[in-house]
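For the record, the sequence lines run as chains V and G. My numbering puts the first residue of the first sequence at 182, with every later residue one more than the last. My numbering puts the first residue of the second sequence at 1019, with every later residue one more than the last.
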Amino acid sequence: MTTLDAGLPRRPFPVGPRLRLLLAFAAAAAACYWYLGLSWRELLPATGAGTHFRDFFAGAVRPAVDYEASWVPEGAPPFLATVAKAMWETLSLAAASMSLALVAALPLSFLTSESAWGRMTRGAASANSSRNAARVTSRMARAVRPVFRVGIAAMRSTHELLWAVVLLAIFGDHDFLAVLAIAIPYAGTLAKVFSEMIDEAPGDSADALRQAGARPLAVFLFGRLPRAAPDMTAYSFYRFECAVRSSAVMGFFGFPTIGYYLSLSYENLHYREVWTWLYALVALVLVFEAWSARMRRRWVAR
Amino acid sequence: MSRRDEVRRLRRSAPKSRFLRASGVVLGALLVAAWVDTDRWPFALFGGRRAENLRRFVDRELVPYPLRDTEWGFADLWEWAAQLFTQRGAEATVSTLAISGLAILLAAGTAWLLAPFASRNVATRRPAETDGADDAAAWRVVRGVTFGAFVAFRALPEYVLAFLLVALLGPGHAWPAVLALAVHNAGILGRLSAETVENIEPAPLQALRDSGARRRDLVVAAVWPLALGRWLSYFFYRFETCVRESSALGMLGIASLGYWIRDAQSKHYYDEVFFFVGLSALIVIAADLVSSRARRSIRE
């Protein structure tokens, strides 16, 4: 035991790389806090706002089941029917955007994945006759891949709400713009993750097909893509969940999803209605999450 | 047996799930219903007056303000951009980064502290037991509550949380954005961290436990250090989305890039809208590059 001790320098308080990292993180947090000019006191309700606070949180235990307004226009649907309709709008906007995003993301992910180009050419290069073709493909890959990679980076680096601002500014008011605003960044994210999944999928079936003499396109479509498909499906479900949240938020821009009614109720100080909307949104998200989690488990385990 | 029969036999013997099939049908119906009988089809978008508006928009309103109706070169364009950046863009950029940095650090810290309480190999009667045979009800409650908190944190989108917090805490400071991002990401990172802790190799934990370490020592000496790499990778992955989100949250009146986007939009200065949207895209791409570089160096 003594020989072991002798070789090691004795430190009263060991500061290793891990602790240094944590200290750096704490320093970064302090710097951000200082730059933003924050103070703990701002987290307490301002004087006079106490009743406002109380009213708001009192709504949590008894959310509205009927309109809170004293006057409701003739022929307005019952409140809960409005809630159900808004939930459906939220879900269907998410579904519409996801369908568009998936349609765009699949070809984009093939074009940006390495294996659709690189491995294909390597396979083709082994055959003497197609060496020329391989050279052409690899040159094309070098030109095309970066272009599409920059394209999908630009698509996903802008937030869906900022896409909504831009699209509404260009085209004016239209329901399709909400679909497009969500679909563009989601297509970018899906394409990036899909292309990584295709590249990281096990290559055994692709190798087997290639050695059996399959053509590069067949190697990709039947050897590589099916091995990545379960992960891609699971990830799509996860993004669908995110799309439900994004579609609810689109309501803040005037589209008829939950966010629209939420902000309206808040502006009218109808706090109990606000809580109904919050519970409706949480219920929608949680039900979808539970469903997709169960599907993912079944799907990946299969 | 012919080859086709063989394929048929294999297909028949593949496991099937009625739940998955039903889900597939429901999902398909949902996708169809989202497009049937709605105003979502974009055909009206390019016809009639809209086309005219679009042309005017591209020809005129998109052109930076000082350059309209004049012969201009790239030097003028550069001057316009530089002025916007120094007057408003630079400060808003740093604020956006500071909001996301503080938020993600708070989120990661919370997730880091809470993760052991949600994992089956630590929050149990005898930690790191691979059989998992005896489990106390009290520990199941602890895990359930922690996990439930993670789910609740991330159920509401950041924008809705920030909207409520702006109204409750008042405008004029960045707390609503910081807290909204921190809460939502604490939920996401918490779940991922708990999964990471559950996937730790049991051997080091068992060795420590059998040499008499208490649960607290176990967490400090083995669980946290062993989970650090994975946790950092998740940290950087969420940092990028935080930057994206915090520039959008500015539209609620918080001093990030979104504030100036909303401001320019309300004045119909679309050249400035596009400038600030482009700027936010650039810092997100920069954050993306930094995080992916960091994640790669963590993996190696």
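Note that the Cβ used here is the ideal one computed from N, Cα and C, for glycine as well.
With a threshold of 6 Å on Cβ separation, who are the neighbours of residue i within its own chain once the five nearest residues in sequence on each side are excluded?
i, result
"G:A1154", "R1143"
"V:R201", "none"
"V:F436", "A359"
"G:R1138", "E1216"
"V:F421", "M279"
"V:D247", "F260"
"G:A1212", "A1133, A1136 and S1137"
"V:A285", "A368"
Can you tell me where the alpha helix (DSSP H) with residue i in it begins and where it stops?
i, result
"G:Q1283", "L1275 to S1284"
"G:I1272", "Premise fails: G:I1272 is in no alpha helix (DSSP H) and is neither H nor E."
"V:A210", "P198 to Y216"
"G:Q1101", "F1092 to L1102"
"V:F421", "L406 to M431"
"G:A1069", "G1066 to R1074"
"G:R1027", "R1021 to S1031"
"G:Y1287", "From DSSP, G:Y1287 is part of no alpha helix (DSSP H); its letter is neither H nor E."
"G:V1326", "Outside the shown range of chain G, which is 1019 to 1318, sits residue 1326 of chain G, and nothing can be said about it."
So, helix, strand or coil for residue i, using DSSP?
i, result
"V:S294", "coil"
"G:S1229", "coil"
"G:P1243", "helix"
"G:V1169", "helix"
"V:L185", "Low confidence applies to V:L185: its pLDDT is 49, below 50, so where it sits in the model is not reliable, and the reading given next is rough at best. Note: V:L185 maps to helix in three-state DSSP."
"G:P1060", "helix"
"V:H355", "coil"
"V:E472", "In the sequence as displayed, the identity of residue 472 of chain V is Trp instead of Glu. Of the three classes helix, strand and coil, the one that applies to V:W472 here is helix, per DSSP."
"G:L1080", "coil"
"V:P383", "coil"
"V:K373", "helix"
"V:H340", "coil"
"G:L1297", "helix"
"G:I1218", "coil"
"G:A1052", "coil"
"G:W1130", "helix"
"G:K1034", "coil"
"V:F436", "coil"
"V:V317", "helix"
"G:R1144", "coil"
"V:M301", "Note that V:M301 scores 48 on pLDDT, short of 50, meaning its location in the model is unreliable; the coordinates nonetheless yield the value given after this. Correct three-state label for V:M301: helix."
"G:S1251", "helix"
"V:W252", "coil"
"G:P1194", "helix"
"V:P288", "helix"
In its own chain, which residues sit with a C-beta less than 7 Å from the C-beta of residue i, not counting the 5 before and 5 after it?
i, result
"V:Y447", "V455"
"G:G1271", "V1184, P1189 and Y1277"
"V:A424", "A275, S278, M279, I363 and Y367"
"V:L203", "none"
"G:L1275", "A1110, T1111, T1114, S1265, G1268, F1294, L1297 and S1298"
"V:M336", "I365, P366, A368 and G369"
"G:R1262", "V1302"
"V:R408", "A382, P383 and S386"
With a threshold of 16 other CB atoms inside 10 Å of the CB of residue i, please say whether the residue is buried or exposed.
i, result
"V:Y170", "As displayed, chain V neither begins before 182 nor continues past 483, which places residue 170 of chain V out of reach and without an answer."
"G:H1202", "buried"
"G:D1306", "buried"
"G:Y1252", "buried"
"G:E1024", "exposed"
"G:S1264", "buried"
"V:F375", "buried"
"V:G404", "buried"
"G:W1193", "buried"
"V:S427", "buried"
"G:K1285", "exposed"
"G:G1162", "exposed"
"G:D1283", "Checking the sequence shown, residue 1283 of chain G turns out to be Gln, not Asp. Buried."
"G:G1208", "buried"
"V:T232", "exposed"
"V:F238", "exposed"
"V:P259", "exposed"
"G:E1175", "Checking the displayed sequence, the identity of residue 1175 of chain G turns out to be Pro instead of Glu. Buried, because 16 or more other Cβ atoms sit within 10 Å of the Cβ of G:P1175."
"V:A305", "At V:A305, the pLDDT of 46 sits below 50, so the modelled position is not reliable and the matter cannot be decided from this model."
Ignore the nearest five residues each way along the sequence and tell me which others in residue i's own chain have a CB closer than 8 Å to its CB.
i, result
"V:A461", "V264, A267, M268 and I439"
"G:V1196", "I1117, L1120, A1121 and L1124"
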